[in-house]
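A short worksheet on the structure shown next.
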Amino acid sequence: MSSDRSQILNGIRRSLQRGELSGAARQAVESRLATPPRGPSVARAQLPQAEKVALFCQWAETLNATVARVGSAEVPGEVTAYLMRNNLPASVAMAPSPLLEGYDWSSQQMLSIRRGRGEGSDQVSVTGAFAGIAETGTVVMASGPDHPVSLNLLPDTHVVVLREADIVGGYEDVWGRLRARYGKDRMPRTVNTITGPSRTGDIEQAMELGAHGPRRMHILVVHE
Amino acid sequence: MESTAHAFKTNVDHALADPNLQDSLAKLKVGFSERRRQAAERLPEFEALRDRARDIKNHTLANLDFYLEEFERKVIGLGGHVHWAPTAADARRIIAELCQSVGARTVAKSKSMVAEEIALNEHLEALGIAPIETDLGEYIIQLRNEPPSHIIAPAVHLTKDQVADTFLEHHSKLGFDKRLTERNDLVAEARYVLRQKFLDADVGLTGANFLVAETGSSMLVTNEGNADLSNTLPKMHIVLASIEKVIPTLEDAAVLLRVLARSATGQESSAYTTLNTGPKRAEDLDGPSQYHVVLLDNGRSGVLGTEMQDILRCIRCGACMNHCPVYGAVGGHAYGWVYPGPMGAVLTPQLVGVEEASNLPNASTFCGRCESVCPVRIPLPKLMRHWREREFEKHLTPRGVRQGLALWSFLARRPALYRGLTSIANRVLALFGRADGRYSALPLAGGWTRFRDFPAPQPGGTFHAQWKGKEGKRKRA
Amino acid sequence: MKLLEQAGCTVEVPPVQVCCGQPAYNSGDRATTRAIASQVIDAFEGYDAVVAPSGSCGGMLSHHYPGLFDDDPAMKARAENLAGRSHELMSFLVDVLGEKKVAAARYDGVATYHDSCSGLRELGVKEQPRRLLDSVQGLSLHEMKTPEVCCGFGGTFCVKYPEISNAMVSEKSADIAATGADTLLAGDLGCLMNMAGKLQREGSAVRVRHVAEVLAGMGDLPAIGEPERG
Chain A
7 MSSDRSQILN
17 GIRRSLQRGE
27 LSGAARQAVE
37 SRLATPPRGP
47 SVARAQLPQA
57 EKVALFCQWA
67 ETLNATVARV
77 GSAEVPGEVT
87 AYLMRNNLPA
97 SVAMAPSPLL
107 EGYDWSSQQM
117 LSIRRGRGEG
127 SDQVSVTGAF
137 AGIAETGTVV
147 MASGPDHPVS
157 LNLLPDTHVV
167 VLREADIVGG
177 YEDVWGRLRA
187 RYGKDRMPRT
197 VNTITGPSRT
207 GDIEQAMELG
217 AHGPRRMHIL
227 VVHE
Chain B
1358 MESTAHAFKT
1368 NVDHALADPN
1378 LQDSLAKLKV
1388 GFSERRRQAA
1398 ERLPEFEALR
1408 DRARDIKNHT
1418 LANLDFYLEE
1428 FERKVIGLGG
1438 HVHWAPTAAD
1448 ARRIIAELCQ
1458 SVGARTVAKS
1468 KSMVAEEIAL
1478 NEHLEALGIA
1488 PIETDLGEYI
1498 IQLRNEPPSH
1508 IIAPAVHLTK
1518 DQVADTFLEH
1528 HSKLGFDKRL
1538 TERNDLVAEA
1548 RYVLRQKFLD
1558 ADVGLTGANF
1568 LVAETGSSML
1578 VTNEGNADLS
1588 NTLPKMHIVL
1598 ASIEKVIPTL
1608 EDAAVLLRVL
1618 ARSATGQESS
1628 AYTTLNTGPK
1638 RAEDLDGPSQ
1648 YHVVLLDNGR
1658 SGVLGTEMQD
1668 ILRCIRCGAC
1678 MNHCPVYGAV
1688 GGHAYGWVYP
1698 GPMGAVLTPQ
1708 LVGVEEASNL
1718 PNASTFCGRC
1728 ESVCPVRIPL
1738 PKLMRHWRER
1748 EFEKHLTPRG
1758 VRQGLALWSF
1768 LARRPALYRG
1778 LTSIANRVLA
1788 LFGRADGRYS
1798 ALPLAGGWTR
1808 FRDFPAPQPG
1818 GTFHAQWKGK
1828 EGKRKRA
Chain C
35 MKLLEQAGCT
45 VEVPPVQVCC
55 GQPAYNSGDR
65 ATTRAIASQV
75 IDAFEGYDAV
85 VAPSGSCGGM
95 LSHHYPGLFD
105 DDPAMKARAE
115 NLAGRSHELM
125 SFLVDVLGEK
135 KVAAARYDGV
145 ATYHDSCSGL
155 RELGVKEQPR
165 RLLDSVQGLS
175 LHEMKTPEVC
185 CGFGGTFCVK
195 YPEISNAMVS
205 EKSADIAATG
215 ADTLLAGDLG
225 CLMNMAGKLQ
235 REGSAVRVRH
245 VAEVLAGMGD
255 LPAIGEPERG
């Protein structure tokens, strides 16, 4: 309700002993919003690309994901092999994305693929990542018609395909890519940044994997 | 949630006599602080990030109206809705009406301390809408009908066996009639039971760690992924957040995220950090078709510009309670309301009244460990002292303390008398206690001697007396 | 005092000096605190350095006095001047005088050192006493698991909330016992009294001393709460 709105905003202004921001003060915050200042730079997010990739893999594995570094031609084969290694069914729900369609899935005759959003009964999903963050081994998923959010969350096992070229240093680099792709202040509905499998420490402060989201996360880091 | 903060001392007695709680607290004191220390050491820029985090929050608070309006503009621009709630009752009404507008029967809830603050669950239940807590810890305490005892680990006071009993009692009607003994089995059973509830829920209700003004996004940090299921599967997503959760930009979020997880659990990063912006887009394959943000004030705007303003920087990481020796002794329930520990000792008097919560800011030794680990450098002891000053002004300070203080200050301002009396007291104490070196009971000091001896003064008289003697000798020499 | 004189300082104790006012300050009684603080500021006018053998008193002078006079620029300036001259004893010996000035003492025993909260977190006293103790002959230092956790004294806290305070000091005493030390040292009188009282009630044989007693070679005097010898 508009009166509730003005009650809160006027209460804030009364406490701050000023009216609505105007003049130079307003220009200062507007310009801060238009060109956001970065925080203190984090050295480990500023490495050369090859070291970023290595750091990404190291953190992802430390934080309970598994990583396979493969060439682009090996992606479909590695997905099948991973499922076999872990005694998982050769059946996946896959994001209908141009990135993933670029790989030759027809080579995997045993693999059954359903494209679309996640269902409660899915055991394994395969999605592409918008980016990877070297600083913490985090994958970034941007929602859209090529990437339903439910695929990141519902299956027990989440297989992520991440191109080396999409691995960046820190969060700030991801924001830059999001702005370049979607516009300065146009975000996709959901951006999930995911670091390893779902976990909880809610019973006796001991970590258990697979609370609500995937119990396993396997990341294919792909070089061209 | 009904406050029992006035019964702090009774709550403390219960807490100290609860062996399960004491076991959990022993683990918490070592675990959380050690993990935080290691995480901070792994990131050389951690202290500089804390400074910046503090500055970002201060800048935002100084321009809070601007950033809230900007946030609102962006949410509306993407087809979302923003609701302004001056009071807890307003927020409850708004959320209930939103649920009723889609005929909701169940609401999947992701842990929200603001929802606890406004007692949302009770309100929805009274209207025939079932709120389902989906964070494992919150789910456990919902089944047990208990309040949270920690803001990020709500069931930290319980043992595995207590959880097993609770699950058996509530899940047997769903066909789970075996009492479990392993943690991973308990987690798996809760996952199975809650999964169906996610799929059936009509509304997903989450809090927000941050609201980003630049993009109109709500940002959520979890480890379980329950918030993400809550904001993806149901057709309506409601975000309930207090007004100080807004921050300017994504760059600011990057700074705050770096200090949040490390301070909270000592993790490099929580498993899920999610930005939600507006409802699902026309071409999206999933996501909620409605996105609502409820902005709660509940007294916060009145804290701005006062000596208490710094508490509005709080990002709810829980580090202050993890490092607090008082919290470590009595746990969260003793504080009697939603927010325990040092941040609760500052915030609770603000939200439920200082008369109700007068004990909380007093139950601190001002050891300063909370301030030393706070990611946004809130001077928590100083803010607790401000509450004590307000209590003193309002004559809420207990009479015994006031009278003792008055007598002492009368003397402290009259040096000769003070020294004379302390010297006599010293000699009297020495006379009776020097033989043993201590007293096991002293008049007027029951609080001290109930649990420990009072050391007798060391020989030689008071410091002043010794100084006088020494000076005298020197002058004679 | 012996330590300071050994290091070449002239030491005086102004006759009008009393308490720093912290009990009133932490009880919310700002008016009384200001009155006491003004008195203390007068008393220490003209001295090069004001040295307190207790971290909490030192912290009060150097961190909290200036904030008491935000509405009185003249007093605030005097309070800031005093704050700049105020030191905790260990920090004064090491950071201002230089540790070499402290003559080596002897103390035969195994000690553990408790970091008092104000000294550690307000004044950064952590390494200084350990460095000084390192030079004491016959002494070895066994650290507690958490030497930096509060002992539960907290001024009026320990009598207002005796049960919580007891839980805290009990944990501290267990931590002390686990080190196997025969002597507990600290640099704050409140903490020392509290821990000494608990250890004695528990029948512990651990002796409790101010760290300055050991540094000054006065370890043959009765410890805090110990009966007179002979």
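Going line by line, the protein sequences match chains A, B and C.
Counting from 7, one number per residue, gives the positions in the first sequence under my numbering.
Counting from 1358, one number per residue, gives the positions in the second sequence under my numbering.
Counting from 35, one number per residue, gives the positions in the third sequence under my numbering.
Glycine residues also receive a C-beta, built at the ideal position from the N, C-alpha and C atoms.
Where do the ends of the beta strand (DSSP E) carrying B:PHE1428 lie?
Here B:PHE1428 belongs to no beta strand (DSSP E); instead the alpha helix (DSSP H) covers 1421-1434.
Could you confirm whether any beta carbon from chain A is found closer than 7 Å to the beta carbon of B:GLU1608?
yes
Provide the residue span of the beta strand (DSSP E) that contains B:PRO1488, from first to last.
1487-1490
Please compile the residues from chain A whose C-beta is within a distance smaller than 8 Å of the C-beta of B:ILE1486.
What B:ILE1486 touches in chain A: nothing, since even the nearest Cβ is about 22 Å away.
Give the residues from the segment 149-181 of chain A that approach chain B closer than 7 Å (Cβ to any Cβ), ordered along the chain.
SER149, GLY150, PRO151, PRO154, VAL155, SER156, LEU159, GLY176, TYR177, GLU178, TRP181
Beta-carbon within less than 8 Å of B:ARG1540's beta-carbon, same chain only, minus the 5 sequence neighbours each way: which residues are those?
LYS1517
Residues that B:PRO1605 contacts on chain A, provided the C-beta gap is smaller than 8 Å:
Ordered by position in chain A, the residues that pass the 8 Å Cβ test against B:PRO1605 are VAL35, ARG38, LEU39, PRO42.
Here's a check: name, in chain order, each residue in its chain whose Cβ is nearer than 7 Å to the Cβ of B:PRO1591, leaving out the five neighbours to either side.
Excluding sequence positions up to five before and after B:PRO1591, its CB lies within less than 7 Å of the CB of ALA1465, ALA1558, ASP1559, VAL1560, GLY1561, PRO1645, all in the same chain and listed in chain order.
Does chain C have any CB closer than 7 Å to the CB of B:GLY1804?
yes
Test: C:MET227 CB closer than 7 Å to a CB of chain B
Chain B contact via Cβ: present.
At 3 residues or longer, and completely inside the segment 48-80 of chain A: list those beta strand (DSSP E) runs for me, N to C.
The qualifying runs are 72-77.
Checking contacts by CB at 7 Å: is A:ASP128 closer than that to chain B?
no
Would you list the one or two residues that DSSP bridges to B:TRP1441?
According to DSSP, B:TRP1441 bridges with B:LEU1652.
CB-CB under 6 Å to C:MET109, same chain, minus the five flanking residues each way: which ones, in chain order?
PHE103
Could you round the C-beta distance between B:ARG1619 and B:CYS1681 to whole angstroms and report it? I think they count as a contact, below 8 Å.
At roughly 18 Å, the Cβ-Cβ gap does not stay under 8 Å, so B:ARG1619 and B:CYS1681 are not in contact.
Chain A contacts from the segment 1442-1457 of chain B (Cβ-Cβ distance under 8 Å):
Cβ contacts with chain A come from ALA1442, PRO1443, ASP1447.
Can you tell me which residues form a DSSP beta bridge with A:LEU226?
In the DSSP assignment, A:LEU226 forms a beta bridge with A:ALA74, A:VAL167.
Mind listing the chain C neighbours of B:SER1729? Cutoff is C-beta to C-beta under 7 Å, in chain order.
From the beta-carbon of B:SER1729, the residues of chain C found nearer than 7 Å are ARG155.
Any idea which residues DSSP pairs B:SER1599 with across the strands?
B:LEU1653
Within 7 Å of chain B by C-beta, residues of the segment 64-80 of chain A in sequence order:
TRP65, LEU69
Would you list, in sequence order, the uninterrupted alpha helix (DSSP H) runs of no fewer than 4 residues that lie entirely inside the segment 1439-1484 of chain B?
1445-1458, 1470-1474, 1477-1483
What are the residues that DSSP puts in a beta bridge with B:HIS1594?
B:GLY1561, B:TYR1648
How do the segment 1710-1727 of chain B and the segment 1655-1668 of chain B stand: do at least 3 beta-carbon pairs fall below 8 Å, yes or no?
These segments do not touch.
Distance CB(B:LEU1551)-CB(B:THR1606) smaller than 7 Å:
no
Going by CA-CA distance only, name the one from A:LEU159, A:THR142, A:PRO102, A:MET223 that's closest to B:GLU1640.
A:PRO102
Within 7 Å (strictly less), CB to CB, does B:GLY1725 reach chain C?
Closer than 7 Å to some Cβ of chain C, the Cβ of B:GLY1725 qualifies, so yes.
Which of helix, strand or coil does DSSP assign to A:HIS153?
DSSP places A:HIS153 in the strand class (E or B) of the three-state scheme.
Apart from the five residues on each side of it in sequence, which residues of its chain come closer than 8 Å, Cβ to Cβ, to B:PHE1808?
none
Entirely within the segment 173-240 of chain C and at least 4 residues each: give me those alpha helix (DSSP H) ranges in chain order.
Secondary structure within the segment 173-240 of chain C: the alpha helix (DSSP H) runs of 4 or more consecutive residues, fully enclosed, are 191-194, 196-213, 223-235 (chain order).
For the putative contact between B:VAL1471 and B:GLY1564, defined by C-beta atoms under 8 Å, what is the C-beta separation to the nearest angstrom?
6 Å
Measure from the alpha carbon of C:GLY224 to the alpha carbon of each residue in B:ASP1370, B:THR1722, B:LEU1556, then state which is nearest.
Closest by alpha carbon: B:THR1722.
Can you grab the Cα-Cα spacing for the pair B:ALA1584 / A:ASP172, in whole Å?
For B:ALA1584 and A:ASP172, the gap between their C-alpha atoms comes out near 26 Å.
For chain B, check one thing: does any of its Cβ atoms lie closer than 7 Å to the Cβ of A:THR199?
yes
Bridge partners of A:MET147, per DSSP?
A:ASN198
Whole-Å CB distance - B:ILE1298 paired with B:LEU1653, under 8 Å assumed
Outside the modelled stretch of chain B, which goes from 1358 to 1834, sits residue 1298 of chain B, for which no answer is possible.
Going by DSSP in three states, B:PHE1403 sits in which element: helix, strand or coil?
helix
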